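Peer 1: My questions will all concern the structure given below.
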Amino acid sequence: MTTVTLPIDPLVHAAWLPAAAFSAVGSRRIAVVLEDDLSFDGLADPAFSPVAPTIMAEVEAATAAHGGALVDEAEADVLLAIELDCCEENPEAFCFSRTDGLVRIVASNPRGLLYGWFHLARLGKDAFTGPDVENECHTPHTALRMLDHWDNMDVHPVMGHVERGYSGGSIFFDHGVVREDLTRVAQYARLLASVGINRVAINNVNVGRLEMRLLDDLLPEVARIADVFRPYGVTTHLSVSWASPVRLGGLADSDPFNPDVLAWWQAAANRVWAAIPDFGGFVIKADSEGQPGPFAYGRTHADGANMLAKAVEPHGGLIHWRAFVYNHTQDWRDRKTDRAKAAYEHFAPYDGTFAENVIVQIKHGPLDFQVREPASPTIAALPQTSVAAEFQVTTEYLGHQKHAVYLGRMWSQLMQFPYWGEGSPTMADIVAGGHPLGDGTRIGGFVAVSNVGDDVFWTGHPFAQANLYAWGRLTWDPQADPDIILSDWALATFPEVSSEGAAALDAILGKSWETYEMYTAPLGVCFMVYPHHHYGPNPDGYEYTPWGTYHFADRISIGVDRTRATGTGYTDQYPKPWRDVYENLATCPDELLLFFHHVPYTHVLKSGKTMIQHVYDTHFEGLERVKVAVAAWQGVRDEFPADVAARIDERFAEQVRSATDWRDIINTYFYRHSGIPDAHGRPIY
Ligand code: GCU
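Going by our numbering, the sequence shown wraps up at 772, each residue one higher than the last.
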């Protein structure tokens, strides 16, 4: 039997899989059983077998650490079983039963069994107590549950090692080469498997010349990484550049209609799948923010995506084609062009023309990962296309992992956004192939930009691990309660902390997204950050730039009129009822007011407050909430490992400084524009 080691690097700690997390299950007598004609050593199907040794290693490690034993079926009080026809033969699903003191996890494939094993670890003692349970089945909501790394191979002069990364360097690459020691990658793979993530793209969507070589002479290095992910059921993908045939292959162009271009990609695909038989496919950012694409040849995104799809199709590969396409050289004087409309305009007309193995990957909102945006209408506009919704676990616009901001509640709200009104199919349903006008054959899922780096706490701020954890749990089950997920994370990550300590973490992080929104850009106005690095308040930072993200503040009013009646017409992209709900000032939700409407500072919100007073009040209150969180932290900090506590102290000091800046600059900006003082006479400058 092959076993893999499960290294726990003492330097890389505080993640949610400490050995202690397995104490309840590891102290049991566990049997791992297969159907009669299967054996772990002899499993023939490569897609079936790689995870099997991992389960054995997991069980051996947990029982060795906690006094349990691997035993025969008859003696077991925990049974892990493969039954080929169980769980509707979904290889990732598992069923949990507890009858007469025997706990059983059954799956049709070792991948499902591994997810079941981590489920047991999560339940801890609770797995063994309580009433009998018969076949409680756990099936992932979507097929694709993915993380994209925006990792550069070398240190980029502007973007650093990891674009929008706030957790140190890349865990894959080190100054131009793939790391020799991939121990961290193995630990990461295990963390991902424990929350159900099944795909990872390892390099930045902005692909440089060096990264292009991952398709070529550096391919054996990609294969090494894939070898590390594979035992945990995680499939490897690469981001590729549209210009690769020219820059790497020496062709004259990369026109998708040029047969030589297709042949080049076919040869590349043959190479990749020869090296990595279970490779996932390519992610591509084309004609976006200066990246090359098919527009240069007068071709469409569908033309481009379908050419790549044809090249990878014989291997069962996928093309994740990003819909983040807009004019980044806009004239700020032009108030009719609206960047929010761009993805829909570029993609909706081509619905039904994309190849079956193309996944159109669409950001969750129409702009760019802001603290508050409406759900993207493009996600609902492609019924005959496979779509993935793209999120950011990394907090580019949400405090750079210097601020404690838990995003589970935000993601849950977006994933459950009902596109056709209360009770109708949601974002999560659509990406799982459930568009009401679709034919039910589409696969899709959720993709997010990872927040992990080579930092000793993985994510810079130890609390930002909660986002990575929640991303996995919510992509597996978008209806799961994000507050419970947060508690689960806290318990698993800090098992040594008292229940008061865990409750304090919930209090600090639970509503932290809402708190962050309170002290930063208000009411869906977006982009009041410093251009380029996107940290800290700069209300006019993007106002006169070519990037298409404006708020049009003057002395009377602020916000973007996106109505059909008088504005850019963006509301037209939504199905009913949202096209009308957002169109009308009377029904538009307050939190999105300035996203959809240009209104006077004296506009009265549904709360009864004027908009300007709401801005002042939320900014004062937002900072106070941060201070309450810091006080709660100080009450429990001594229960935490000293280095974790020291890092969190440091992050909180910066959060208070930065939130104070946000409060004062945003309030002063609104005051100076409107001339309207705060009703409570608090200091504004
Ligand atoms: C944002 C981000 C960029 C990134 C881009 C993308 O604009 O700031 O760094 O490249 O999104 O999603 O491609």
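Ideal Cβ placement from N, Cα and C applies to all residues, glycine included.
This structure is a prediction, so every number in the text was calculated from the model and none was measured.
Rank G154, P218, W237 by C-alpha distance to the C-alpha of S537 and give the top, closest one.
Peer 2: When each option's Cα is compared against that of S537, the closest is W237.
Peer 1: Would DSSP call A108 helix, strand or coil?
Peer 2: Looking at A108 - three-state DSSP - the assignment turns out to be helix.
Peer 1: Given 7 angstroms as the limit, tell me if V778 has its C-beta closer than that to any heavy atom belonging to the ligand GCU.
Peer 2: The structure shown does not extend to residue 778, since the chain spans only 88 to 772, so no value can be given for it.
Peer 1: So, at 7 angstroms on beta carbons, what are the nonlocal neighbours of A131 in its own chain, with the 5 sequence-adjacent residues on each side left out?
Peer 2: Legend: pLDDT at A131 = 45, less than 50; position of this residue unreliable, value from coordinates given subsequently. Hits under 7 angstroms: none found.
Peer 1: Under the three-state reduction of DSSP, which class applies to S574: helix, strand or coil?
Peer 2: Helix at S574.
Peer 1: Taking 7 angstroms as the cut-off, does the CB of S114 come closer than this to any heavy atom belonging to the ligand GCU?
Peer 2: Not so, every heavy atom of the ligand GCU lies at least 7 angstroms from the Cβ.
Peer 1: Using a 10 Å radius around the Cβ and a threshold of 16 neighbouring Cβ atoms, would you call A230 buried or exposed?
Peer 2: Its Cβ being crowded by 16 or more others within 10 Å, A230 is buried.
Peer 1: Take the Cβ of P624 as the centre, count every other Cβ of all protein chains shown within 10 Å, and call the residue buried at 16 or more, exposed below.
Peer 2: When all chains shown are included, P624 counts as buried.
Peer 1: List the DSSP bridge partners of S326.
Peer 2: Paired residue(s): V370.
Peer 1: Under the criterion of a Cβ to heavy atom distance below 7 angstroms, does F215 qualify as lining the ligand GCU?
Peer 2: Result no, Cβ not under 7 angstroms from the ligand GCU.
Peer 1: So if DSSP puts W204 in a beta bridge, which residue, or which two residues, is it bridged to?
Peer 2: Paired residues: none, contrary to the question.
Peer 1: Would you call G709 buried or exposed, if buried means 16 or more other Cβ atoms sit within 10 Å of its Cβ?
Peer 2: It counts as buried.
Peer 1: Cβ atoms of R317 and L269: under 8 angstroms apart, would you say?
Peer 2: The answer is no: Cβ separation not under 8 angstroms.
Peer 1: Quick check on L561: buried or exposed, where buried means 16 or more other Cβ atoms within 10 Å of its Cβ?
Peer 2: When all chains shown are included, L561 counts as buried.
Peer 1: Are D213 and G188 closer than 8 angstroms when you measure CB to CB?
Peer 2: Cβ atoms of D213 and G188: not closer than 8 angstroms.
Peer 1: Using the C-alpha atoms, what's the distance from Y772 back to D689?
Peer 2: Residue identity check: residue 689 is Thr in the sequence provided, not Asp. Cα-Cα distance, rounded: 20 angstroms.
Peer 1: Give me the DSSP bridge partner(s) of S644.
Peer 2: P687, per the DSSP bridge assignment.
Peer 1: On the DSSP letters alone, give me the boundaries of the alpha helix (DSSP H) that M698 sits inside.
Peer 2: 698–723 is the span of the alpha helix (DSSP H), which, as asked, contains M698.
Peer 1: Quick check on S341: does DSSP put it in helix, strand or coil?
Peer 2: DSSP places S341 in coil when its eight states are reduced to three.
Peer 1: Rounded to whole angstroms, what's the CA-CA distance from R712 to E477? Just pull it up for me.
Peer 2: Roughly 30 angstroms separates the two Cα atoms.
Peer 1: Which term fits A773, buried or exposed, when burial requires 16 or more other beta carbons within 10 angstroms of its beta carbon?
Peer 2: This structure cannot speak to residue 773, because the chain is shown only from 88 to 772.
Peer 1: Opposite E223 in the DSSP bridges: which residues?
Peer 2: Note: E223 sits in a beta bridge opposite F183.
Peer 1: Ignoring anything shorter than 4 residues, give me the alpha helix (DSSP H) runs that lie fully in the stretch 273–301, in order along the chain.
Peer 2: The stretch 273–301 contains these whole alpha helix (DSSP H) runs: 296–299.
Peer 1: Beta-carbon separation of D516 and A468 under 8 angstroms?
Peer 2: No; because the gap between Cβ atoms is not below 8 angstroms, this pair is not in contact.
Peer 1: Any heavy atom of the ligand GCU closer than 7 angstroms to the CB of F411?
Peer 2: Yes, since a heavy atom of the ligand GCU falls inside the 7 angstroms radius drawn around the Cβ of F411.
Peer 1: Between the stretch 565–582 and the stretch 295–313, are three or more C-beta pairs nearer than 8 angstroms?
Peer 2: No, they do not touch.
Peer 1: Out of A350, V348, D342, I284, which one is the CA nearest neighbour of V321?
Peer 2: Comparing Cα positions, the closest option is I284.
Peer 1: Cβ of D455 versus every heavy atom of the ligand GCU: is any distance shorter than 7 angstroms?
Peer 2: Yes.
Peer 1: Can you tell me which of T387, G531, G263, A535 puts its alpha carbon nearest to the alpha carbon of D455?
Peer 2: When each option's Cα is compared against that of D455, the closest is A535.
Peer 1: Nearer than 7 angstroms: is that true of the beta carbon of R426 relative to any heavy atom of the ligand GCU?
Peer 2: Outside the cutoff, so no.
Peer 1: Leaving out five residues on either side along the sequence, give the residues of the same chain with a beta carbon under 7 angstroms from the beta carbon of V539.
Peer 2: S254, I258, Y275, W545, T546, L555.
Peer 1: Per DSSP, which residues does A313 bridge with? Please list them.
Peer 2: Partner(s): none; A313 has no beta bridge.
Peer 1: Ignoring anything shorter than 4 residues or poking outside the stretch 370–425, list the alpha helix (DSSP H) runs there in chain order.
Peer 2: Here the runs fully enclosed are 388–399.
Peer 1: Name the DSSP bridge partner or partners of H775?
Peer 2: This structure cannot speak to residue 775, because the chain is shown only from 88 to 772.
Peer 1: Please classify N290 as buried or exposed, where buried requires at least 16 other C-beta atoms within 10 Å of its C-beta.
Peer 2: Per the 10 Å Cβ criterion, buried.
Peer 1: In or out: D219 buried (at least 16 other Cβ within 10 Å) or exposed?
Peer 2: So D219 ends up on the exposed side.
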